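> Order-wise, the sequence lines are chains V and H.
For the first sequence, numbering that gives the first Met the number 0 assigns the number 0 to the initial residue and increments by one for each residue that follows.
For the second sequence, numbering that gives the first Met the number 0 assigns the number 0 to the initial residue and increments by one for each residue that follows.
Backbone N, C-alpha and C define an ideal beta-carbon position, used for all residues, glycine too.
Keep in mind the model is a prediction, meaning the values are calculated, not measured.
Have a look at the structure that comes next, please.
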Amino acid sequence: MTLAVNTVRTADVIERTVMIMKICITSEGKTLDSPVDPRFGRCRNFIFFDSETGNFEACENGNAQFQGGAGIQSGQLVASKGVKVVLTGNVGPNAHQVLSAAGISVFTGVSGTVKEAVEGYKNGKYKAAVVPSVGSKFGMPNK
Amino acid sequence: MIISVASGKGGTGKTTIAVNLALSLQNVQFLDCDVEEPNAHIFLKPKIYGQKKAVIPVPEIDQAKCNYCGKCREVCAYHAIAVVPASVEKKGSVLIFPHLCHGCGACSQLCPFGAIREVDKEIGIIETGEKDSMWFVHGRLNVGEAMSPPVIRQVKQYINSSKTVIIDAPPGTSCPVIAAVKGSDFCVLVTEPTPFGLNDLILAVEVLRKMAIPFGVVINRADIGDAKVEDYCEKENIPILMKIPFKKEIAVSYSEGIPIVEKDPSYRDKFNNLYLNINGLKNEANSHHKR
Numbered sequence: 000m001t002l003a004v005n006t007v008r009t010a011d012v013i014e015r016t017v018m019i020m021k022i023c024i025t026s027e028g029k030t031l032d033s034p035v036d037p038r039f040g041r042c043r044n045f046i047f048f049d050s051e052t053g054n055f056e057a058c059e060n061g062n063a064q065f066q067g068g069a070g071i072q073s074g075q076l077v078a079s080k081g082v083k084v085v086l087t088g089n090v091g092p093n094a095h096q097v098l099s100a101a102g103i104s105v106f107t108g109v110s111g112t113v114k115e116a117v118e119g120y121k122n123g124k125y126k127a128a129v130v131p132s133v134g135s136k137f138g139m140p141n142k
Numbered sequence: 000m001i002i003s004v005a006s007g008k009g010g011t012g013k014t015t016i017a018v019n020l021a022l023s024l025q026n027v028q029f030l031d032c033d034v035e036e037p038n039a040h041i042f043l044k045p046k047i048y049g050q051k052k053a054v055i056p057v058p059e060i061d062q063a064k065c066n067y068c069g070k071c072r073e074v075c076a077y078h079a080i081a082v083v084p085a086s087v088e089k090k091g092s093v094l095i096f097p098h099l100c101h102g103c104g105a106c107s108q109l110c111p112f113g114a115i116r117e118v119d120k121e122i123g124i125i126e127t128g129e130k131d132s133m134w135f136v137h138g139r140l141n142v143g144e145a146m147s148p149p150v151i152r153q154v155k156q157y158i159n160s161s162k163t164v165i166i167d168a169p170p171g172t173s174c175p176v177i178a179a180v181k182g183s184d185f186c187v188l189v190t191e192p193t194p195f196g197l198n199d200l201i202l203a204v205e206v207l208r209k210m211a212i213p214f215g216v217v218i219n220r221a222d223i224g225d226a227k228v229e230d231y232c233e234k235e236n237i238p239i240l241m242k243i244p245f246k247k248e249i250a251v252s253y254s255e256g257i258p259i260v261e262k263d264p265s266y267r268d269k270f271n272n273l274y275l276n277i278n279g280l281k282n283e284a285n286s287h288h289k290r
């Protein structure tokens, strides 16, 4: 037995608007007015947004420069922050696997500013990604 | 003596040099270490009589012993492990990504709970055979696998030091090349007189100097391009071991899968000279070391 991957339960997703939770948004900058970074594993910053208080924390993504395993370790980082929801442009197969195992819902196809992403999420604008939206190495600098 | 044939740039003629050199000598063992696309067998046509799986050790987690402490993830230099701690709602899990694993063993060695053991994962195949009196070994990495160094090292386990060992290395200057040329007594760098040839030759020279392996250069298609490779070698005091002209008969012979020494035996002398050159330089390097 190497690993067991738990898929995201739809119930988690449906309950999202009533739960008090931490949302992670991939971001190009460190404010709520920054554009959403379309990459997950190699995004420039993670913004951890508390949907109850409206407070947030910006965190530079040190995994972005990894030759390999950026998605895995970014998934790990996000999981360790107790996040329940990730809003991003795209997510690759390895990151998706880690986030699923941690019971985190990933919403892809998110664009605009971080603030707009959070609003869009609250209004149910995005769909949870049941499968990865892109292949490996999507976020590599020269691709 | 172990002679490896390498080049920074691909397509300069490594296999041509390695194959023809091997066929011009006696008591030879040939190792094709370009395991991502081995092709020496096309020219040597050896009789294959042995096959063995090439493997890489990857971690396996004993869920009963694991408490999701995350030590394995922390020590993995290749970011191949994720650990999701247990929470009130669910059990923890350890995710292993075997394609990123280099089989270094750090996770299993350093797990505080002895919850990780290594299991062999098949990533390729090693074949052994014979061409007349020449011993032949090559490795082949499975399609979709990324880690060629373990396969290369497993090919090199067959090295018989009582023979003249010729290693056909993969192109480039990264890990697979290091794995192939490591332990060689001499390395032949094949290049061509073009800007690309020169650029990648310089990179390969830096690698070999760092590895302290004596080396010399063979210029293939020596009459095309410019004189910059020769100028560079002269400036850097790098011996030019052989020059091969850009000739139609060589290209035709190559395209037919026939080594040029078999078609035109006069080339045997040229490759014998290459060997004598190598031998002389190797002995010189040795005496240098002793001094």
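Give the DSSP-derived three-state secondary structure of residue 292 of chain H in the structure shown.
Given that chain H is displayed from residue 0 to residue 290, the structure contains no residue 292 of chain H and the question cannot be resolved.
> Report the three-state DSSP secondary structure of residue 139 of chain H (helix, strand or coil).
It is a strand residue.
> What residues in the stretch 78–110 of chain V bring their beta carbon closer than 7 Å to a beta carbon of chain H?
So the list reads 78, 93, 96, 97, 100, 101 and 102, given in the order they occur along the chain.
> Report the neighbours of residue 71 of chain V on chain H: residues whose CB is nearer than 8 Å to its CB, in chain order.
Result: 78, 79, 80, 81, 94, 96 and 99.
> Any C-beta of chain H sitting closer than 9 Å to the C-beta of residue 15 of chain V?
Confidence in residue 15 of chain V is poor, its pLDDT being 46 and thus under 50, which makes the residue's placement too unreliable to answer from.
> According to DSSP, is residue 8 of chain V part of a helix, a strand, or is it coil?
Low confidence applies to residue 8 of chain V: its pLDDT is 48, below 50, so where it sits in the model is not reliable, and the reading given next is rough at best. Looking at residue 8 of chain V - three-state DSSP - the assignment turns out to be coil, as it is neither helix nor strand.
> Relative to chain V, which residues along the stretch 114–129 of chain H have a C-beta separation below 8 Å, given in chain order?
Taking 8 Å as the Cβ-Cβ cut-off against chain V, none of the residues of the stretch 114–129 of chain H qualify.
> Sort out for me which residues DSSP pairs residue 94 of chain H with in a bridge.
H:81, per the DSSP bridge assignment.
> In the DSSP assignment, find the unbroken alpha helix (DSSP H) run with residue 198 of chain H in it and report its ends.
That run of the alpha helix (DSSP H) goes 194–210.
> How do the stretch 68–75 of chain H and the stretch 159–176 of chain H stand: do at least 3 beta-carbon pairs fall below 8 Å, yes or no?
Touching, no, given that fewer than three Cβ pairs across the two stretches are closer than 8 Å.
> When you compare the CB of residue 75 of chain V with every CB in chain H, is at least one pair closer than 9 Å?
True, the Cβ-Cβ gap to chain H drops below 9 Å.
> Consult DSSP for residue 249 of chain H and reduce its assignment to one of helix, strand or coil.
Looking at residue 249 of chain H - three-state DSSP - the assignment turns out to be helix.
> Flag residue 84 of chain H as yes if its beta-carbon sits less than 9 Å from any beta-carbon of chain B, otherwise no.
Absence of chain B from the displayed structure is noted, the protein chains being V and H.
> For residue 65 of chain V, return the contacting residues in chain H, with the cut-off set at a CB-CB distance below 8 Å.
Under the 8 Å cutoff, chain H gives 78.
> Hey, could you find the ends of the beta strand (DSSP E) residue 56 of chain H is sitting in?
It spans 46–60 - the beta strand (DSSP E) in which residue 56 of chain H sits, taken as one unbroken run.
> Note the first and the last residue of the continuous beta strand (DSSP E) segment covering residue 229 of chain H.
No beta strand (DSSP E) contains residue 229 of chain H, which is instead part of the alpha helix (DSSP H) from 227–234.
> Is the CB-CB distance between residue 100 of chain H and residue 151 of chain H below 9 Å?
Result no, Cβ atoms of residue 100 of chain H and residue 151 of chain H do not sit closer than 9 Å.
> Looking only at its own chain, which residues have a Cβ that is under 7 Å from the Cβ of residue 140 of chain H, when we skip the five neighbours before and after it?
Excluding residues within five positions, the ones whose Cβ falls inside 7 Å are 34, 35, 122, 123, 147 and 150.
> Would you list the one or two residues that DSSP bridges to residue 188 of chain H?
BP columns for residue 188 of chain H point to H:5 and H:216.
> Alpha helix (DSSP H) containing residue 137 of chain V: first to last residue?
Neither: residue 137 of chain V is in no alpha helix (DSSP H) and is coded neither H nor E.
> I want to see whether chain V comes within less than 9 Å of residue 279 of chain H, judged by CB atoms only; does it?
By this cut-off, residue 279 of chain H is not an interface position.
> Which partner residues does residue 106 of chain V have in the DSSP bridge list?
Partner(s): V:86 and V:127.
> Report the option in H:211, H:48 and H:164 whose CA atom is closest to the CA atom of residue 129 of chain H.
Checked all of H:211, H:48 and H:164; the closest Cα to residue 129 of chain H is H:48.
> Would you identify the three-state DSSP class for residue 34 of chain V, choosing helix, strand or coil?
Residue 34 of chain V: strand per DSSP, three-state reduction.
> Is residue 61 of chain V close to chain H, meaning its C-beta is less than 9 Å from at least one C-beta of that chain?
Taking Cβ atoms only, chain H never reaches closer than 9 Å to residue 61 of chain V, which makes this a no.
> To the nearest angstrom, report how far apart residue 51 of chain H and residue 125 of chain H are at their CA atoms.
Each residue's alpha carbon lies about 5 Å from the other.
> Among H:109, H:87, H:63 and H:61, whose alpha-carbon lies nearest the alpha-carbon of residue 76 of chain H?
Answer by Cα proximity: H:109.
> I think residue 105 of chain V touches residue 98 of chain V, with their Cβ atoms under 8 Å apart; what is that distance to the nearest whole Å?
Indeed, because the Cβ distance is near 5 Å, the residues count as touching under 8 Å.
> How far does the beta strand (DSSP E) with residue 106 of chain H in it extend, from its first residue to its last?
Looking at the DSSP string, residue 106 of chain H is not in any beta strand (DSSP E); the run it does join, the alpha helix (DSSP H), is 105–109.
> For residue 25 of chain H, count neighbouring Cβ atoms within 10 angstroms of its own Cβ and tell me buried if that reaches 16, exposed if not.
Label assigned to residue 25 of chain H: exposed.
> Grouping DSSP H, G and I as helix and E and B as strand, with all else coil, what is residue 49 of chain V?
Strand.
> Where does the unbroken alpha helix (DSSP H) through residue 74 of chain V begin, and where does it stop?
Looking at the DSSP string, the run of the alpha helix (DSSP H) that includes residue 74 of chain V is 69–79.
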